[in-house]
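Going line by line, the protein sequences match chains A and B. Going by this note's numbering, the first residue of the first sequence is number 59, and it counts up by one from there. Going by this note's numbering, the first residue of the second sequence is number 582, and it counts up by one from there. Reading through the structure tokens given below for one structure.
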Amino acid sequence: MKDNSKLNLEELLQSKFEHHEVNADHVWNNLAKQLPASHNAGWSALSKLAAVVAGVAAVSVVTFFIFNDDSFSTPVSQQNTELQQEENKSSTNTIETLTKEIEHSTNNDVTNHVSEQESRVTHSNELENSSFVFQEREFQLSDEMEDLIHSNSRNIENKQVVENRETIVQSSHQNVELTAHFTCVPTNQNELRYFLFAAQDGADQYHWSVSNGFESHDQAVAIQFDEEGEYEVSLMVEVLGERKTELQKVKVYKPAQLNAVNAFAPGFDGKNDSFDVLEGSMNINSFSHFTITSSTGKVVFESTHSSVWDGKLNNELQQPGSYFWFLEYQDKEGARHQAKGKIQLFAE
Amino acid sequence: MTEKELVEECMAGKPNAQEKLFKLYSGKLFAIALRYMGSREEAEDVLQESFIKIFKSLNQWKGDGPLGGWMRRVVVNTSLTQLKSRIKKQNEISIDTAYAVHDNQESQLEKLQADDLLKIISEMPTGYRTVFNLFAIEGFGHKEISDQLGINESTSKTQYLKAKNWLLKRIDER
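This is how it looks when you write it as structure tokens:
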């Protein structure tokens, strides 16, 4: 009989929970921020831009030299406009043949660049994505080059354009390529377990260093602190010899916890005479509102400063039974929380 | 889109696909995490950590078994990692005075919704709750549970009986 009923209990529970669901949509927002993939997506979009700009820079530099060699060496300020036009034409022709070569080699460069990046990306299935991006790069590259050639033949002396573009390239290149940014989230605040995750994917080196002496070289790190407090976490990321470091101060605290009793007996034996909702609680800084209602919804106690109920309303002991309490409080870090519970009042 | 295509898009790191996969399974997985962790906050952490693991290691799912089952295992394992250190590794004298489930308790249980049951289970002491979940609902044997949690087999049995008695007592109190 015992075995039978035991089996029944388990089967019953299993069937109860088989299709049980609890909505967790709210977790997504937090989670999405921590997924390396979303960083990947942002990164590849940015690196696409960087590659385009880099390609343009390469072309500009080369064309800059071509003009330097061919046209600039000859005084441009010639009186004969026909001659100038002719010269322009001829240099444009050379540019066109040369830029084809350049285009070719630059594309090769981009290909190398892309495949290098791909090998860095841990998810090899990004390939499909990247090759698409690559095609787009090619397309934009030749477009940009044409623009550049036109503007150059129109305005040969405008070296400024080239220089400007170069500075743009350099600054955007640095911003895009490397980030030492990281996220720190508690995985189990009760045990001071935290999870650190570097935003940069596939770096040559990660170096975590925490002020409690902890060090690691992984992209993602689980860390357990021994004591509450404020820690300094620094992450150094190295990609292709370039390094970046970020420092964050991380507050490590156990979460606020209420351990209110669920029953009390006022006036019975001098023990458990009153109900203190904060008795046995941990990490609670202050509370702003404490209410108790009867099972019919009548408010029997309300306070903004006292966490203790003696079971009375207007000096009159309330009926035995179930009461419900509601508490608004702040934890150590100042975050507001709400809690509720049931308290049983026993008669004398 | 088939499940396999969705997984492939997730592996390619497409945020839309990842959100879709999350929305598809998070309800079920959150219910499991809640059942193990007992508190909403911790269950959210477990769910989050599990999904980070899931997205990172989707390529390990070979497509032979159901995806839901694989994800469920990730959630259970993540929960257990969190709970392990909290379960005391002590030798307990085993008890065999388990109460039988009375008919009225059984009918009470049948009336309960999964949400109410979850609430009761989440109030169990951690050790009881973990073993109870693994044995009664996941259907593991005590040997497997003791291996998983690093406790004695007898401890697992004792904890289960205690958890069951605890549950029945709570049912009676209702």
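Just so you know, even glycine gets a beta-carbon here, dropped at the ideal spot from N, CA and C. These numbers come from a predicted model, not from an experiment.
In angstroms, rounded to a whole number, what distance separates the CA positions of residue i and residue j?
i	j	result
residue 386 of chain A	residue 643 of chain B	48 Å
residue 245 of chain A	residue 377 of chain A	43 Å
residue 237 of chain A	residue 302 of chain A	7 Å
residue 367 of chain A	residue 305 of chain A	47 Å
residue 88 of chain A	residue 402 of chain A	38 Å
residue 357 of chain A	residue 251 of chain A	40 Å
residue 709 of chain B	residue 744 of chain B	5 Å
residue 92 of chain A	residue 742 of chain B	40 Å
residue 659 of chain B	residue 333 of chain A	37 Å
residue 595 of chain B	residue 86 of chain A	15 Å
residue 197 of chain A	residue 637 of chain B	Per-residue confidence for residue 197 of chain A stands at a pLDDT of 39, beneath the threshold of 50, marking its modelled position as unreliable; the derived number appears in the next sentence. Residue 197 of chain A and residue 637 of chain B: Cα-Cα distance of roughly 32 Å.
residue 253 of chain A	residue 241 of chain A	8 Å
residue 655 of chain B	residue 625 of chain B	14 Å
residue 278 of chain A	residue 684 of chain B	52 Å
residue 704 of chain B	residue 621 of chain B	12 Å
residue 690 of chain B	residue 369 of chain A	33 Å
residue 650 of chain B	residue 384 of chain A	39 Å
residue 590 of chain B	residue 583 of chain B	11 Å
residue 79 of chain A	residue 239 of chain A	35 Å
residue 249 of chain A	residue 737 of chain B	23 Å
residue 280 of chain A	residue 729 of chain B	21 Å
residue 83 of chain A	residue 647 of chain B	22 Å
residue 335 of chain A	residue 354 of chain A	21 Å
residue 610 of chain B	residue 393 of chain A	27 Å
residue 75 of chain A	residue 652 of chain B	16 Å
Check for me: the beta strand (DSSP E) holding residue i runs from which residue to which?
i	result
residue 240 of chain A	240-246
residue 350 of chain A	342-352
residue 382 of chain A	379-389
residue 44 of chain A	Outside the shown range of chain A (59 to 406) lies residue 44 of chain A, about which nothing can therefore be said.
residue 360 of chain A	357-361
residue 279 of chain A	278-282
residue 256 of chain A	251-256
Identify the continuous alpha helix (DSSP H) that holds residue i and give its terminal residues.
i	result
residue 311 of chain A	Looking at the DSSP string, residue 311 of chain A is not in any alpha helix (DSSP H), and its letter there is neither H nor E.
residue 712 of chain B	707-713
residue 735 of chain B	734-754
residue 631 of chain B	621-637
residue 590 of chain B	584-592
residue 702 of chain B	695-703
residue 612 of chain B	596-618
residue 687 of chain B	684-692
residue 91 of chain A	83-92
residue 77 of chain A	Careful: residue 77 of chain A lies outside any alpha helix (DSSP H) and carries neither H nor E.
residue 729 of chain B	723-730
Go through its chain and collect everything with a Cβ distance to residue i's Cβ below 7 Å, but skip five positions before and after it.
i	result
residue 309 of chain A	288, 391
residue 222 of chain A	Because residue 222 of chain A carries a pLDDT of 47, less than 50, the predicted location of this residue cannot be relied on, and no value is offered for it.
residue 734 of chain B	723, 724, 727
residue 201 of chain A	Residue placement at residue 201 of chain A is flagged as unreliable, the pLDDT there being 46, under the threshold of 50; the coordinate-derived value follows with that caveat. Around residue 201 of chain A: no qualifying Cβ.
residue 751 of chain B	701
residue 144 of chain A	The predicted model places residue 144 of chain A with a pLDDT of 48, which falls under 50 and marks its position as unreliable; any figure quoted below should be read in that light. None.
residue 592 of chain B	639, 640
residue 312 of chain A	247, 248, 250, 286, 340, 341
Tell me the DSSP bridge mates of residue i?
i	result
residue 273 of chain A	A:267
residue 402 of chain A	A:321, A:380
residue 394 of chain A	A:388
residue 367 of chain A	A:333
residue 667 of chain B	For residue 667 of chain B, which the question treats as bridged, DSSP gives no partner whatsoever.
residue 375 of chain A	A:370
residue 300 of chain A	A:297
residue 305 of chain A	A:292
Once the 5 residues before and after residue i are set aside, which same chain residues still bring their CB inside 6 Å of it?
i	result
residue 148 of chain A	No answer about residue 148 of chain A holds up, because its pLDDT of 49 lies below 50 and its placement is not dependable.
residue 352 of chain A	358, 381
residue 396 of chain A	386
residue 673 of chain B	Legend: pLDDT at residue 673 of chain B = 48, less than 50; position of this residue unreliable, value from coordinates given subsequently. Excluding residues within five positions, the ones whose Cβ falls inside 6 Å are 736, 739.
residue 721 of chain B	715
Near residue i, what residues of its chain come up, given a Cβ to Cβ distance below 8 Å and the 5 sequence neighbours on each side ignored?
i	result
residue 707 of chain B	619, 664, 667, 668
residue 339 of chain A	314, 315, 316, 317, 318
What does residue i touch in chain E if you count any residue whose Cβ is under 8 Å from its own?
i	result
residue 83 of chain A	The displayed structure is made up of protein chains A and B, and chain E is not among them.
| said: Quick test of the definition: if touching needs 3 or more C-beta pairs under 8 Å, does the region 343-351 of chain A touch the region 595-614 of chain B? | reply: Cβ pair count under 8 Å is below three, so no.
| query | If you pair each beta-carbon of the region 682-698 of chain B with each one of the region 628-644 of chain B, do three or more pairs fall below 8 Å? | reply | no
| Per the contact definition of three or more C-beta pairs closer than 8 Å, is the region 294-301 of chain A in contact with the region 258-269 of chain A? | yes
| Are the region 66-77 of chain A and the region 709-718 of chain B touching by the rule of at least three beta carbon pairs closer than 8 Å? | yes
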